[in-house]
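For reference, the structure discussed in these notes is given below.
Residue numbers (this note's numbering), protein chains in the order written: chain A, 1 to 217; chain B, 218 to 818.
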């Protein structure tokens, strides 16, 4: 399995062609990840992480999504508690969530690229590629529509796809966020997940493709 | 607000939102020079004054609609009914950007300024298309907006003013594109982003944010053109103690609905410079369902008259009370003399999104009187209209409510949307870009799992439940109508068939009407008297931007920017899916190109 985070740790990520557009991908050294998640839980999905030098400190709330992060609901009144597998009802509409720092419990709420769609399906309904980034049928995608950046918060019951409320681009959560219809330019980037020993949902690896919208990312 | 421009961050805490890695490689202060690619400074730039804006010399196109009255009219007649067949492109310029290009070219003494999606501003030689400079606005990397577009720049003094999707207003040196100062107007992270063209009025720059689908309380802000400091801000929804607040009843599950009730002022207004009154359109209610915000809901779906000195609202007319259809009143009525009861009166004329055309009277003090209202497309929601006041009664079968599917016509995009109508004083006709024969339905929901003004879609519907329908297949949708402003009757119309019309109208003293906006990529010149098509030309993409006209060294040009995107693109796909292959063109490429046409000697 390719560890796409490897590049992100050593230099600008591919999404950062424009110097005014800093990276939108989770990134964290192996040490803190393993401390947070536990070696046993993630060793198999993170073979290539190798403890790069630590970076300068930043406020947790301001940081982009980090590997090992827990997830919590976006809605202000319910923001805070870490989500576990059983919080996510099977085959229900996607939940809008934010990452939170496992060390401090601080929600990373200041960068809109941190908005994440979380959903759960029977594993057998997922494509093979999607299964590889899923944790017990849980899938996660960026909420940032690849068209104009709107949060993709609607669920089309007729086609079982995400629908962006702004211009109705549709994406298939069972198949790597494939663009099914609408004016968007590319699939919705997927965020690989894992479960830790306590059943808490964690970010396992970097987004599969860069988060952003338009053709200029 | 900062002046002069030295650093990038604006939103509180934003400097830290970029990742640690990005801080290491990219967090150097961004100087204004870094934002602007300067090819060649503009020499002998002509300063823009109030006098020039009021005069609206036809050699220029200094305002989004050409003049303060909002006419979309050019007095130029070199290009006319006789020679328009010889109209040919003389230069093109690719903006190098996708998404919807909705800005008119603003032309000042041979220099053209074009605003684009992603908030670039191009300064070009209007005769040759050679670039002077390109400003690339530093929108934040986590920006999210519903409409990635810009509807133009404002000119005042020796500066160009460009609003940002990030809610900023930016003053640029017209000669070099260097950013001189910046004002924070809206907070895009709650949904208050800006697409509107700013308007220069008496030394201030007026612009307001969008956000009617996000629970944003709309407002207009005047910013000092010299200092970028706020001169005044007026909310379109009156707060406690202000006149009109009583039209927001503190009833039901959301007694504080006024706080996030919409009413965005997202299109440029018009100005009565003689009486010093600005007229601005106010958008839809938020959420869309009126039963979630009981009361008439002033000034949603209204025109408001404001004192440019302090922003005080001195008059208004609400087109329809308790908006429940997303029929925003965003386009300000044009200022025009109208005949009424045998008298000629200073008037306001506007075809509104709700499918009705309104004849209004403007008084010197800003009070607005009602003259008449007539439907120009099929509307099944309005049951009757009080002839004295213009107040409608509604058909509950076609008035959206919470918890039930309700359908209505015209569709939420309206009988017309943001594109400009045009008035030609020689013909006495108003030319309206129309969408007829289109309806929709949706189920109203009470979104208690989403916080208003949290940057999330908050229109009170689940968007997959939105069904857009063609009322009668085989009948035209997009069309252009010509109305006699005084007899209040339609004189002619031109139907475009299986396409919507997202094109603004330009009319000229050459007896012509220019209109694009259809999914066949054509721009066309029509006979202003009859509607006969005299000339067509296929652009690279459909143009959804206003055509304009100007001269350089005495030669007349027609300029229009093509570049399909946002709602035009969306609706074309949605409606096209209901037709058989070949019946409706969904092959409309994106990509911005400025086209400039002339008749060669």
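Every residue gets a Cβ at the ideal spot worked out from N, C-alpha and C, and that includes glycine.
Everything numeric in this text was worked out from a predicted model, so none of it was measured.
Nearest-angstrom Cα distance between residue i and residue j?
{"i": "residue 296(B)", "j": "residue 815(B)", "result": "8 Å"}
{"i": "residue 84(A)", "j": "residue 117(A)", "result": "15 Å"}
{"i": "residue 559(B)", "j": "residue 578(B)", "result": "14 Å"}
{"i": "residue 820(B)", "j": "residue 95(A)", "result": "The structure shown has nothing for residue 820(B), since chain B only spans 218 to 818."}
{"i": "residue 508(B)", "j": "residue 585(B)", "result": "27 Å"}
{"i": "residue 490(B)", "j": "residue 62(A)", "result": "47 Å"}
{"i": "residue 187(A)", "j": "residue 154(A)", "result": "16 Å"}
{"i": "residue 156(A)", "j": "residue 799(B)", "result": "27 Å"}
{"i": "residue 397(B)", "j": "residue 764(B)", "result": "29 Å"}
{"i": "residue 421(B)", "j": "residue 273(B)", "result": "18 Å"}
{"i": "residue 465(B)", "j": "residue 653(B)", "result": "32 Å"}
{"i": "residue 418(B)", "j": "residue 379(B)", "result": "15 Å"}
{"i": "residue 562(B)", "j": "residue 403(B)", "result": "37 Å"}
{"i": "residue 194(A)", "j": "residue 684(B)", "result": "38 Å"}
{"i": "residue 728(B)", "j": "residue 288(B)", "result": "15 Å"}
{"i": "residue 721(B)", "j": "residue 293(B)", "result": "18 Å"}
{"i": "residue 613(B)", "j": "residue 706(B)", "result": "29 Å"}
{"i": "residue 697(B)", "j": "residue 738(B)", "result": "16 Å"}
{"i": "residue 122(A)", "j": "residue 135(A)", "result": "11 Å"}
Could you tell me if residue i is buried or exposed, where buried requires 16 or more neighbouring beta carbons within 10 angstroms of its beta carbon?
{"i": "residue 281(B)", "result": "buried"}
{"i": "residue 358(B)", "result": "buried"}
{"i": "residue 184(A)", "result": "buried"}
{"i": "residue 718(B)", "result": "buried"}
{"i": "residue 312(B)", "result": "buried"}
{"i": "residue 100(A)", "result": "buried"}
{"i": "residue 416(B)", "result": "buried"}
{"i": "residue 108(A)", "result": "buried"}
{"i": "residue 446(B)", "result": "exposed"}
{"i": "residue 581(B)", "result": "exposed"}
{"i": "residue 77(A)", "result": "exposed"}
{"i": "residue 168(B)", "result": "It is not possible to answer for residue 168(B), since the shown part of chain B is limited to 218 through 818."}
{"i": "residue 448(B)", "result": "buried"}
Give a yes or no on whether the C-beta atoms belonging to residue i and residue j are separated by under 8 Å.
{"i": "residue 767(B)", "j": "residue 277(B)", "result": "yes"}
{"i": "residue 734(B)", "j": "residue 650(B)", "result": "yes"}
{"i": "residue 567(B)", "j": "residue 551(B)", "result": "yes"}
{"i": "residue 607(B)", "j": "residue 615(B)", "result": "no"}
{"i": "residue 201(A)", "j": "residue 126(A)", "result": "no"}
{"i": "residue 640(B)", "j": "residue 702(B)", "result": "yes"}
{"i": "residue 622(B)", "j": "residue 659(B)", "result": "yes"}
{"i": "residue 453(B)", "j": "residue 362(B)", "result": "no"}
{"i": "residue 510(B)", "j": "residue 544(B)", "result": "no"}
With a threshold of 6 Å on Cβ separation, who are the neighbours of residue i within its own chain once the five nearest residues in sequence on each side are excluded?
{"i": "residue 714(B)", "result": "693"}
{"i": "residue 56(A)", "result": "Low per-residue confidence applies at residue 56(A): pLDDT is 46, beneath 50, and the placement is therefore not dependable, though the value from the model is reported in the following sentence. Closer than 6 Å at Cβ, skipping near neighbours: no residue."}
{"i": "residue 208(A)", "result": "189, 190"}
{"i": "residue 672(B)", "result": "406, 407, 408"}
{"i": "residue 241(B)", "result": "In this prediction, residue 241(B) scores a pLDDT of 30, lower than 50, which makes its location untrustworthy; no coordinate-derived value is stated."}
{"i": "residue 104(A)", "result": "60"}
{"i": "residue 574(B)", "result": "568, 591, 593"}
{"i": "residue 199(A)", "result": "84, 85"}
{"i": "residue 329(B)", "result": "322, 341, 343"}
{"i": "residue 284(B)", "result": "273"}
{"i": "residue 461(B)", "result": "455, 515"}
{"i": "residue 752(B)", "result": "301, 302, 304, 742"}
Considering only residues of the same chain and omitting the five flanking positions on each side of residue i, which have a CB-CB separation below 7 Å?
{"i": "residue 709(B)", "result": "699, 747, 748"}
{"i": "residue 540(B)", "result": "501, 502, 507, 514, 517, 518"}
{"i": "residue 789(B)", "result": "717, 736, 803, 805"}
{"i": "residue 381(B)", "result": "336, 354, 356, 387, 411"}
{"i": "residue 213(A)", "result": "144, 145, 146, 147, 148, 149"}
{"i": "residue 791(B)", "result": "685"}
Could you pull out every residue in the same chain whose Cβ sits closer than 8 Å to the Cβ of residue i, ignoring the five residues on either side in sequence?
{"i": "residue 782(B)", "result": "315, 316, 317, 318, 334, 365, 366, 761, 807"}
{"i": "residue 346(B)", "result": "308, 309, 310, 811, 813"}
{"i": "residue 215(A)", "result": "185"}
{"i": "residue 786(B)", "result": "317, 805, 807"}
{"i": "residue 264(B)", "result": "374, 375"}
{"i": "residue 279(B)", "result": "265, 269, 270, 273, 323, 324, 325, 372"}
{"i": "residue 79(A)", "result": "72, 73, 98, 107, 109"}
Determine, using beta-carbon pairs with one atom in the segment 139–150 of chain A and one in the segment 108–117 of chain A, whether at least three such pairs fall under 8 Å.
yes
Between the segment 721–734 of chain B and the segment 673–683 of chain B, do at least 3 Cβ pairs fall closer than 8 Å?
no
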